[in-house]
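Take a look at the structure set out below.
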Amino acid sequence: MRARALLLAAGLAGAGLLALVGMTRWSDLHAGAAPQSAPFSAGMITRGAYLAKVGDCAACHSVAGAAPFSGGLKMLTPIGAIYTSNITPDVRNGIGAYSLADFDRALRFGVASGHTLYPAMPYSAYSITAPADVAALYAYFMRGVAPDPAPNRDSEIPFPLSMRWPLTLWRWAFAPEPRAFSASNDARLSRGAYLVEGLGHCGDCHTARGPALQVRALGASGGPAYLAGAMIDGWHAPSLRNGDRTSIGAWSEMEIAAFLRSGNNRHGIAFASMNEVIVNSTQFLTEDDALAVARFLKSLNDPAGGAYVYDATASLALRRGDAGARGAQLYLDNCAACHRPDGRGYEGVFPALAGNPVLTSAPHDSVVRIILQGMRTPRTAAAPAQFTMPAFAWRLSDQDVADVATFVRASWGNQAPAVDAKAIARLRPKDQPTPNH
Ligand code: HEC
Ligand code: HEC
Ligand code: HEC
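Throughout the sequence shown, residue numbering follows the UniProt record's numbering, covering 1 to 437 in sequence.
What follows is the structure, encoded as structure tokens:
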């Protein structure tokens with residue numbers, strides 16, 4: 001009898017505790033909420049607008065030619081295409097009927113209208129966003145964004161793969177909650193960790209993914225895989241760790257901050273999807289926030305692997321008229337006018353190739369693709385003039401491309417492996433013919 005009563009009491013206490021935990025969690029989600037009717041202050045809306053830039057919501061929820069944040073961007077997943085949602089405050093098709101708690105659940109926990117969102121929405125990074133920042137974002141989307149009635153589009157994922165319950169299992173396995181960011185005593189470092197691991201979601205592109213497409217490490221505490229570089233849409237996003245010659249270890253905090261705010265520094269110029277990240281998001285970082293991001297990246301120390309040291313051998317040989325090295329003549333004929341024989345380029349105009357992590361890291365995809373298809377520098381408020389790298393796909397054979405890529409990856413102190421001509425064909429843009437010489 002007594003044992004039973006005890007059990008019952010324990011059970012009740014347990015249930016009570018659970019209820020309490022549940023309540024704390026619930027109130028957590030409702031932090032400061034009196035949705036819709038709450039008067040949002042102008043300061044909150046402005047702050048939310050800034051945080052929406054930091055989170056780069058527009059990258060996925062805005063499409064050229066349509067109303068801002070009205071969604072409809074097609075995103076490919078291994079099982080079919082999905083479309084981003086309309087997150088304007090339209091009551092019928094947007095998130096106009098969302099309470100702050102609903103918004104928070106979508107942003108930080110990946111759950112909207114009772115179903116789990118595809119992790120293409122970077123909620124596992126956003127999950128560390130502070131409640132006050134979630135509220136500011138909510139204020140901005142409710143009052144700072146114009147409602148637009150664009151209907152949401154269904155995914156192209158066929159049944160039964162379109163069922164969402166496996167996404168819930170994925171969420172339980174790979175988006176642990178609660179998760180804390182890597183806070184420290186240094187306020188600037190903590191701010192940087194909060195921005196990079198959270199709204200900035202830098203790891204979604206710069207951290208390798210595992211077999212279930214989960215990002216291998218969500219923060220600094222996840223170990224050396226975090227921001228150690230990854231392939232994204234056919235381009236290589238280099239390591240952002242403070243490591244050896246294959247990463248941005250040689251960049252100072254000021255230089256990293258300058259790259260994020262302008263798109264260039266003396267080590268290189270942004271391209272591919274980083275262009276959009278800079279144009280839509282990081283160019284708007286305040287100087288303090290950009291420096292905070294930089295300090296956090298510098299704190300991701302790897303055991304010293306050899307730092308990059310400039311080596312003048314290649315440049316002296318070219319100056320002597322000795323183009324005997326593999327690819328050297330091609331470099332002189334096609335590249336040296338802009339990138340210079342010493343590989344140092346012209347800062348902010350033609351990027352340095354010497355010591356540029358894009359050339360020193362092992363995957364050759366970015367170098368080969370940029371030679372084949374060319375590229376245009378990002379246009380930012382800090383660097384409004386754009387410069388173009390011409391496409392060489394129609395001028396250089398697979399062998400030429402491999403040779404010149406090998407040259408730039410092995411000169412001036414760069415030490416990346418040679419590139420094989422057989423590796424070029426699959427990287428050629430489909431719409432450009434291959435020269436047959
Ligand atoms: C990398 C792309 C990407 C970024 C960046 C992104 N989202 Fe999303 N978001 C998505 C996708 C894809 C969906 C739809 C997922 C689905 O249908 O399961 C989505 C869904 C949502 C939803 C759920 C809407 C609904 O009812 O279906 C909200 C709210 C949302 N995003 C808000 C935001 C905010 C706020 C930001 C910026 C802080 C942001 N998103 C940044 C891709 C993104
Ligand atoms: C959508 C994918 C994507 C996201 C998100 C992203 N990056 Fe990148 N990033 C890239 C790619 C691709 C490159 C390689 C091209 C280049 O060097 O510009 C790159 C390059 C860089 C470089 C230059 C590295 C080098 O060696 O030249 C820095 C620095 C950088 N990213 C920082 C960041 C930070 C900080 C964030 C988060 C605020 C971030 N990135 C978010 C895709 C991304
Ligand atoms: C007309 C000037 C010009 C010529 C010629 C040229 N480039 Fe470039 N190159 C650029 C510009 C401008 C960029 C920056 C593109 C960007 O970041 O969007 C660039 C970027 C690059 C990059 C990426 C580095 C970075 O940080 O952005 C590589 C690698 C590269 N060029 C290699 C070559 C090679 C190899 C050749 C010869 C086959 C060549 N380039 C010819 C202007 C030129």
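All C-beta atoms in this analysis are idealised placements derived from N, C-alpha and C, irrespective of residue type, glycine included.
Using a cutoff of 7 Å, the CB of Phe259 counts as near ligand 2, since one of the ligand's heavy atoms is closer than that. Distance between Ala362 and Trp235, taken at the CA atoms: about 12 Å.
Beta-bridge partners of Ser41 (DSSP): none assigned. DSSP places Tyr308 in the coil class of the three-state scheme, outside both helix and strand.
Rounded to whole angstroms, the separation of the alpha carbons of Ala136 and Asn152 is 25 Å. Here Val215 carries a strand assignment [DSSP, helix/strand/coil]. With fewer than 16 other CB atoms across the displayed protein chains lying within 10 angstroms of its CB, Val349 is exposed. With a cut-off of 8 Å on Cβ pairs, the region 72-87 is not in contact with the region 126-133, counting fewer than three such pairs. Per DSSP, Leu76 lies in no alpha helix (DSSP H) segment; the continuous beta strand (DSSP E) that holds it begins and ends at 74-77. In this structure, DSSP gives Ser124 a helical state, which the three-state scheme calls helix. Taking the C-beta atoms as reference points, Val277 is found no nearer than 8 Å to Arg379.
Asn86 sits buried, since 16 or more C-beta atoms from the chains shown fall within 10 Å of its C-beta. Under the DSSP assignment, Ala237 falls in the beta strand (DSSP E) whose first and last residues are 235-237.
Exclusion of the five residues before and after Tyr118 leaves Ile82 as the residues of its chain whose Cβ lies within less than 6 Å of its Cβ.
In this structure, the CA atom of Tyr194 is about 51 Å from the CA atom of Arg320.
Residue pairing from DSSP places Arg376 in a beta bridge opposite Thr388. Burial is judged here by how many other beta carbons sit within 10 angstroms of a residue's own beta carbon; Lys298 has at least 16 and is buried.
Shortest gap from the CB of Pro151 to any heavy atom of ligand 2: 7 Å or more. Just so you know, the alpha carbons of Gln399 and Leu318 end up roughly 21 Å apart. Taking 8 Å as the cut-off, the beta carbon of Pro158 is found closer than this to the beta carbon of Gly80. With respect to Ala250, Gly355 sits close: the two C-beta atoms are nearer than 8 Å. Rounded to the nearest angstrom, the Cβ distance from Ser411 to Gly306 is 17 Å, too far for a contact under 8 Å. For Ala257, same chain residues with a beta-carbon under 6 Å away, outside a window of 5 residues either side, are Ala290, Leu291, Ala294 in chain order. The beta-carbon distance between His206 and Leu240, rounded to whole angstroms, is 5 Å. This is short enough to meet the 8 Å contact definition. Each of Met254, Thr246, Gly55, Ile232 was checked against the Cα of Phe284, and the nearest Cα belongs to Gly55. Counted as a single uninterrupted DSSP element, the alpha helix (DSSP H) harbouring Tyr194 occupies residues 187-197. A distance criterion of 7 Å places the beta-carbon of His206 in contact range of ligand 2, judged by its closest non-hydrogen atom. If you check the CB distance, Gly203 and Ala125 come in under 8 Å.
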